Amino acid sequence: MTRVGSIASVWRYPAKSMIGDQFPSLPVDGGGIVGDRGWAVRDEARGGIRGAKKIAGLMRLHARYVQEPQPGSPLPEIEVIAPDGRRVRSDHDEVHAQLTELLDHPVTLCPLQPASDLDHYRRGPPDNDDAEAELRAIFGREPDEPLPTFAGLPLDVLVEFESPPGTYFDVFPIHLVTDRSIETLAAFAPNATFDVRRFRPNLVVAVDADVEGEYPEQTWTGRTLRVGDVELDITAPCPRCVMVTREVAGL
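The numbering of the sequence shown is the numbering used here, which starts it at 3 and goes up by one.
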């Protein structure tokens, strides 16, 4: 096995599209980091589970578990913290009303539901009847930019469902980036702030100096990465989307 680097940071996001936290280490099971994306909001205007691709204000909210989630146990409640310091727990009677006010959009906060509840995960109607315009909005593409190829992504699932049923992940349970890729992007636009928090990874890999490439993780598809006691199958590159342009944590 070839060494590629070390883990620079580990992240968990208790609620889909909300700010998460960095940890020294976290437990992993077959569904990814335990407790990651355990909650999400449902759009009560258009239907469907929604993230910050549609409701940008979600990335200004910070979610934390009130107790540490444990493998094989029910998810604990979360507390949502607004930029002005207001806090509301997921088990509070007014949580849906307060989140609706903070987001200026009618929502309800939901824990993960069984994978068999297909209607819960079914994709809500698009905001734009023009399919290309809808995709350009989701993926943050200018008119002269190509849309993603979606190589390696299960389009048959994603066309029908907002996330694979039983999860609140966009596609796969672990997202990693390398420090080299962030540095490469920053060199293209030195006046911009390429903060890792914009990319919402679970793992940031500090690659060794002898690893080749400006975006080394783009060459790892089809390989296995060992991280501690865990082996990760690198399945597909993550397409850039509009999420990296959203306001998050003061950025």
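Ideal Cβ positions, reconstructed from N, Cα and C, are used throughout, including at glycine.
Keep in mind the model is a prediction, meaning the values are calculated, not measured.
Looking only at its own chain, which residues have a Cβ that is under 7 Å from the Cβ of residue i, when we skip the five neighbours before and after it?
i, result
"Val209", "Val6, Gly7, Thr180, Asp181, Arg182, Pro218"
"Thr221", "Gly215"
"Leu111", "Trp41, Val43, Ser92, Val97, His98, Leu101"
"Pro167", "Ala117, Leu120, Tyr123"
"Leu77", "Gly37, Gly40, Pro71, Pro113, Leu114"
"Glu46", "Pro108, Val109, Thr110"
"Gly49", "Gly126, Pro127"
"Ser300", "Since the first residue shown for the chain is 3 and the last is 253, residue 300 is missing from the structure and cannot be characterised."
If I follow the unbroken beta strand (DSSP E) through residue i, where does it start and stop?
i, result
"Gln24", "23-25"
"Arg89", "89-91"
"Thr186", "That residue, Thr186, is in no beta strand (DSSP E); its alpha helix (DSSP H) goes 181-190."
"Asp45", "41-45"
"Glu162", "No beta strand (DSSP E) contains Glu162, which is instead part of the alpha helix (DSSP H) from 157-162."
"His64", "64-67"
"Asp121", "Per DSSP, Asp121 belongs to no beta strand (DSSP E); it is in the alpha helix (DSSP H), 120-123."
"Pro113", "109-113"
"Trp13", "7-14"
"Glu233", "232-235"
"Thr169", "Premise fails: Thr169 is in no beta strand (DSSP E) and is neither H nor E."
"Arg242", "Arg242 -> no beta strand (DSSP E), and no H or E assigned at all."
"Leu227", "226-229"
"Ala208", "205-209"
Taking the continuous alpha helix (DSSP H) assigned at residue i, which residues delimit it?
i, result
"Ile83", "No alpha helix (DSSP H) contains Ile83, which is instead part of the beta strand (DSSP E) from 80-83."
"Ile140", "133-141"
"Ala99", "97-105"
Exposed or buried, what is residue i when buried is set at 16 or more other beta-carbons lying within 10 Å of its beta-carbon?
i, result
"Met3", "exposed"
"Val173", "buried"
"Gly252", "exposed"
"Pro16", "buried"
"Phe25", "exposed"
"Glu147", "exposed"
"Gly53", "buried"
"Pro203", "buried"
"Gly87", "exposed"
"Arg225", "exposed"
"Thr195", "exposed"
Whose C-beta lies closer than 6 Å to the C-beta of residue i among residues of the same chain, with five residues either side of it excluded?
i, result
"Ile83", "His64, Arg89"
"Arg66", "Glu81"
"Met20", "Leu60, Leu63, Ala65"
"Ile57", "Leu105, His107"
"Ile35", "Arg14, Leu28, Asn204"
Less than 8 Å between the CB atoms is what I'm expecting for residue i and residue j, so what's the real figure, rounded?
i, j, result
"Val244", "Phe141", "6 Å"
"Val207", "Leu178", "6 Å"
"Thr237", "Gly154", "6 Å"
"Pro239", "Thr223", "6 Å"
"Val198", "Ile184", "6 Å"
Spatial neighbours of residue i within its chain, please: CB distance less than 8 Å, with the 5 preceding and 5 following residues excluded, ordered by chain position.
i, result
"Ser27", "Val12, Gly230"
Contact the stretch 13-33 vs the stretch 68-87: 3+ CB pairs below 8 Å: yes
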